[in-house]
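Right, one structure below, let's go through it.
Protein chains in written order, with our numbering: chain A, 1 to 99; chain B, 100 to 279.
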């Protein structure tokens, strides 16, 4: 095979369009993607600014939705406590339900 | 040994913090945490001590969070418009980002406030079709594809990745419009 043909075949293999790349970026947040998909995606991200932004932004959205108290700062956790009255009401409810 | 009397002291704040940004508001998070403790009390006999008390409560919490979105998903889908993907179609730029809908730079000098961002995120989630939002949140909470809802709805893996992909595109775009 001529070198030029080999290069074209390699580029065909590697080059994703942005719709495909964004799909893989999303899929990668949900499950393991194959080695082939990883290589294709990394290659695309070498040159596509829009998809790089999409990558950062969709990860940001996922991170916030998936956040756990372990990942929050002490300061944040201090703010995020359950209302005292609700806690008291709950304690009552649990007591009465138990009996 | 499981001790419901101390549950509130030990776990209420943790569960609330856990649920807070997975639900639309502080109030919904409060409701869901309450529901969690009450259903945990009913199910206390089923707790086998295979995991910690907290892990067990968190698993119940996740199911109550999903129930919230499940209730919302019973709502009529009529008022939700279809989302068109932000890529060129049928021209020589096929599958490239449409220029006016391509991701902009979100970086700022100031730190992004979690609460503000979350508010915008939740508003944008509410624009997803209810069933799509349910599936999206179920996957985020790892209740899908294992949950029977996903099985019953016939959501294959491929379907699921597509649903998630479209949801993320729509939510991201909405956030950008409102944020910038």
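Heads up, the beta-carbon is just placed ideally off N, CA and C, and yes, glycines get one too. These numbers were taken from a predicted model, which means no experiment stands behind them.
Could you name the residues of chain B that residue i contacts, counting a contact when the two beta carbons are closer than 8 angstroms?
i, result
"residue 30 of chain A", "238, 259, 260, 263"
"residue 64 of chain A", "120, 213, 216, 217, 220"
"residue 12 of chain A", "Within chain B, no residue comes near residue 12 of chain A; the closest Cβ sits about 15 angstroms away, beyond 8 angstroms."
For residue i, which of helix, strand or coil comes out of DSSP?
i, result
"residue 260 of chain B", "helix"
"residue 226 of chain B", "coil"
"residue 196 of chain B", "strand"
"residue 179 of chain B", "coil"
"residue 167 of chain B", "helix"
"residue 186 of chain B", "strand"
"residue 121 of chain B", "coil"
"residue 146 of chain B", "coil"
"residue 254 of chain B", "coil"
"residue 11 of chain A", "helix"
"residue 69 of chain A", "helix"
"residue 104 of chain B", "helix"
"residue 201 of chain B", "coil"
"residue 210 of chain B", "coil"
"residue 221 of chain B", "helix"
"residue 243 of chain B", "coil"
"residue 33 of chain A", "coil"
"residue 151 of chain B", "coil"
"residue 2 of chain A", "coil"
Roughly how far, in whole angstroms, is the beta-carbon of residue i from the beta-carbon of residue j, given that I think they are within contact range, below 8 angstroms?
i, j, result
"residue 123 of chain B", "residue 221 of chain B", "5 angstroms"
"residue 165 of chain B", "residue 240 of chain B", "6 angstroms"
"residue 58 of chain A", "residue 25 of chain A", "6 angstroms"
"residue 235 of chain B", "residue 262 of chain B", "7 angstroms"
"residue 94 of chain A", "residue 136 of chain B", "6 angstroms"
"residue 153 of chain B", "residue 113 of chain B", "7 angstroms"
"residue 205 of chain B", "residue 27 of chain A", "22 angstroms between Cβ atoms; not a contact."
"residue 83 of chain A", "residue 129 of chain B", "6 angstroms"
"residue 149 of chain B", "residue 219 of chain B", "Wrong, their Cβ atoms sit about 39 angstroms apart, outside the cutoff."
"residue 138 of chain B", "residue 159 of chain B", "6 angstroms"
"residue 65 of chain B", "residue 64 of chain A", "Residue coverage of chain B in this structure runs from 100 to 279, which leaves residue 65 of chain B outside it and unanswerable."
Between which residues of its own chain and residue i is the CB-CB distance below 7 angstroms, once the five residues before and five after are set aside?
i, result
"residue 200 of chain B", "185, 272"
"residue 54 of chain A", "22, 25"
"residue 211 of chain B", "none"
Identify, in the order they occur along the chain, each residue of the same chain with its Cβ nearer than 8 angstroms to the Cβ of residue i, setting aside the five sequence neighbours on each side.
i, result
"residue 176 of chain B", "228, 229, 230"
"residue 39 of chain A", "14"
"residue 233 of chain B", "165, 168, 169, 171, 172, 248"
"residue 51 of chain A", "18, 21, 22, 25, 44, 45"
"residue 41 of chain A", "16, 21, 24, 25, 28, 33"
What in chain A is Cβ-close to residue i, meaning under 7 angstroms?
i, result
"residue 204 of chain B", "53"
"residue 132 of chain B", "82"
"residue 201 of chain B", "50"
Show which residues of chain A have a CB atom less than 9 angstroms away from the CB atom of residue i.
i, result
"residue 268 of chain B", "22, 26, 54, 58"
"residue 142 of chain B", "Those do not exist, as residue 142 of chain B stays about 12 angstroms from chain A at its closest Cβ, beyond 9 angstroms."
"residue 137 of chain B", "90, 93, 94, 97"
"residue 278 of chain B", "By Cβ distance, chain A contributes nothing, its closest Cβ being about 10 angstroms from residue 278 of chain B, past 9 angstroms."
"residue 155 of chain B", "Result: empty, since nearest Cβ-Cβ is about 15 angstroms, beyond 9 angstroms."
Can you list the residues of chain A that residue i reaches, using a CB-CB cut of under 8 angstroms?
i, result
"residue 129 of chain B", "82, 83, 86"
"residue 271 of chain B", "54, 57, 58, 61"
So which residues of chain B does residue i contact, with C-beta pairs closer than 7 angstroms?
i, result
"residue 36 of chain A", "Those within 7 angstroms of residue 36 of chain A in chain B number zero; the least Cβ separation is about 16 angstroms."
"residue 4 of chain A", "The contacting residues do not exist; residue 4 of chain A stays about 23 angstroms from chain B at best."
Legend entry - Residues of the stretch 101-125 of chain B with Cβ closer than 9 angstroms to any Cβ of chain A, in chain order: Taken in chain order, the members of the stretch 101-125 of chain B whose beta-carbon sits within less than 9 angstroms of a beta-carbon on chain A are 103, 104, 106, 107, 108, 111, 112, 113, 114, 115, 116, 117, 119, 120, 121, 125.
Inset, instruction - Can you give me, in chain order, the residues of the stretch 66-82 of chain A that have a beta carbon less than 8 angstroms from any beta carbon in chain B? - result: Under the 8 angstroms Cβ criterion, the stretch 66-82 of chain A contributes 66, 67, 68, 69, 72, 76, 77, 80, 81, 82.
Legend entry - Within 8 angstroms of chain A by C-beta, residues of the stretch 181-194 of chain B in sequence order: From the stretch 181-194 of chain B, only 184, 186, 193, 194 have a Cβ closer than 8 angstroms to chain A.
Inset, instruction - May I ask you to list, following chain order, the residues of the stretch 216-238 of chain B that have a beta carbon less than 7 angstroms from some beta carbon of chain A? - result: Near chain A, meaning a CB-to-CB distance below 7 angstroms, the residues of the stretch 216-238 of chain B are 216, 217, 220, 238.
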